[in-house]
Amino acid sequence: MALSTKDILSALQWDFLSLFFHGAPPFFLTGGTALSAFYLQHRYSEDLDLFTLDGDAFDRVPFYVADTAARLTASVASLQTAPQFRRYKLSRKGESVIVDFVREVVPQVSAEKNRFDGIVVDTLDEIATNKVCTVVSRAEVKDYIDLYFLARAGYPLENYIEAAQRKDAGVSQATLAYLLSEFRLSKVPDFMIARISPAEVQGYFESLARKLAVESFPKGE
Numbered sequence: 014m015a016l017s018t019k020d021i022l023s024a025l026q027w028d029f030l031s032l033f034f035h036g037a038p039p040f041f042l043t044g045g046t047a048l049s050a051f052y053l054q055h056r057y058s059e060d061l062d063l064f065t066l067d068g069d070a071f072d073r074v075p076f077y078v079a080d081t082a083a084r085l086t087a088s089v090a091s092l093q094t095a096p097q098f099r100r101y102k103l104s105r106k107g108e109s110v111i112v113d114f115v116r117e118v119v120p121q122v123s124a125e126k127n128r129f130d131g132i133v134v135d136t137l138d139e140i141a142t143n144k145v146c147t148v149v150s151r152a153e154v155k156d157y158i159d160l161y162f163l164a165r166a167g168y169p170l171e172n173y174i175e176a177a178q179r180k181d182a183g184v185s186q187a188t189l190a191y192l193l194s195e196f197r198l199s200k201v202p203d204f205m206i207a208r209i210s211p212a213e214v215q216g217y218f219e220s221l222a223r224k225l226a227v228e229s230f231p232k233g234e
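Sequential numbering of the sequence shown, starting at 14, is according to the working numbering.
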């Protein structure tokens with residue numbers, strides 16, 4: 014039986030999102046948590062990634078967080094602050110969650126985001142595009158797992174290279190081919206919900222790497 018969003022999110026994650034979006038701030042949930050909890054139900058994810066295109070809204074993040082934490086009766090600690098990034102840790106009754114806020118400045122693939130129970134969630138096309146960018150910048154095993162399940166759901170990496178290039182000039186078929194060829198998966202990660210075969214996952218990326226390499230360096234060039 015398929016899991017529900019509440020089965021995948023922790024109680025604190027769900028309560029935070031529900032209360033945060035109750036005031037309709039111009040943010041949207043994205044990343045691995047959005048992908049699994051609201052679309053694919055394939056793995057657990059500990060952090061929450063909230064993006065905004067609104068500079069004024071980003072400046073109000075400390076207020077939004079403090080207000081939501083108070084309504085949750087949760088403690089809150091600011092872990093990192095940068096011009097376009099803020100990280101907080103919320104804790105309640107032995108449970109904690111890391112919440113990252115990002116002021117997004119790159120073009121969006123999907124101007125309209127989706128809503129689930131009042132929670133604004135990024136689209137699959139946007140998440141897939143961002144995951145391609147992540148491979149080039151700082152990919153972890155979880156990001157490759159996400160790309161594998163996106164491909165199985167009909168959103169293959171190769172369909173999003175052009176969109177990713179508009180967000181990150183470092184994205185290219187040749188770079189992706191090399192990075193994908195280096196990926197190794199020897200065991201099933203602890204965060205998995207869906208069943209996977211490490212050999213099949215690695216084989217998928219090896220095959221994709223070969224395909225991208227051929228397209229990057231066609232014969233005769």
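The beta carbon of each residue, even a glycine, is placed where N, CA and C say it ideally should be.
Task: Exposed unless 16 or more other CB atoms sit within 10 angstroms - verdict on Lys155 - done: buried
Open item on the list: Am I right that Leu103 and Ala87 are in contact with their C-beta atoms under 8 Å? What's the rounded C-beta distance?
Closed with: 5 Å
Task: 8 Å contact criterion, which Leu42 and Leu22 should meet: CB distance rounded - done: Not a contact, Cβ separation roughly 10 Å.
- [ ] Report, in whole angstroms, the separation of the C-beta atoms of Leu221 and Leu170, which I expect to be a contact under 8 Å.
- [x] 7 Å
Open item on the list: Suppose contacts are defined by Cβ-Cβ distances below 8 Å. Is Gln93 in contact with Val118 by that definition?
Closed with: no
Task: Member of Val148, Gln54, Phe40 whose CA lies at the smallest distance from the CA of Gln186 - done: Val148
Task: Ser182 (DSSP reduced to helix, strand or coil) - done: Note that residue 182 is Ala in the sequence shown here, rather than Ser. Correct three-state label for Ala182: coil.
Open item on the list: Tell me which residues share the same chain as Ala177 and place their Cβ nearer than 6 Å to its Cβ, disregarding the 5 neighbours each side in the sequence.
Closed with: Thr142, Val145, Cys146, Val184
Task: Val133 classed as buried or exposed, judged by whether at least 16 other C-beta atoms fall within 10 angstroms - done: buried
Open item on the list: Can you tell me whether Arg73 is helix, strand or coil according to DSSP?
Closed with: coil
Open item on the list: Glu108 and Leu25 - do their beta-carbons sit closer together than 8 Å?
Closed with: yes
Task: beta strand (DSSP E) segment containing Asp113, residue limits - done: 108–116
Task: Euclidean distance between Cα positions of Gln54 and Val122 - done: 23 Å
TODO: Give the DSSP-derived three-state secondary structure of Ile206 in the structure shown.
DONE: coil
- [ ] Spell out the partners DSSP gives Ala90 in its beta bridges.
- [x] Lys102
- [ ] Taking the CB atoms as reference points, tell me whether Ala47 and Asp135 lie closer together than 8 Å.
- [x] yes
- [ ] Compute the distance between the beta-carbons of Phe64 and Val115, then report whether it is under 8 Å.
- [x] yes
Open item on the list: Between which two residues does the beta strand (DSSP E) holding Asn172 run?
Closed with: Taken as a continuous stretch (DSSP letters only), Asn172 belongs to no beta strand (DSSP E), as it is neither H nor E.
Open item on the list: Using only the alpha-carbon positions, how far apart do Phe71 and Ala212 sit?
Closed with: 42 Å
Task: Nearest residue (CA-CA) to Glu59, options Val110, Asp159, Arg100 - done: Val110
- [ ] Counting only the same chain and skipping the five closest in sequence on each side, list residues whose C-beta sits under 8 Å from that of Pro39.
- [x] Thr65, Leu66, Asp67, Ala70
Task: Close beta carbons around Val112, own chain, < 6 Å, minus the five adjacent residues each side - done: Leu61, Tyr101
Open item on the list: Going by C-alpha to C-alpha distance, which of Arg208, Lys224, Val78 sits closest to Ala244?
Closed with: Any property of residue 244 remains undetermined from this structure, which presents the chain solely from 14 to 234.
- [ ] Would you mind sorting Glu153 into buried or exposed? The rule is 16 or more other CB atoms within 10 Å of its CB.
- [x] exposed
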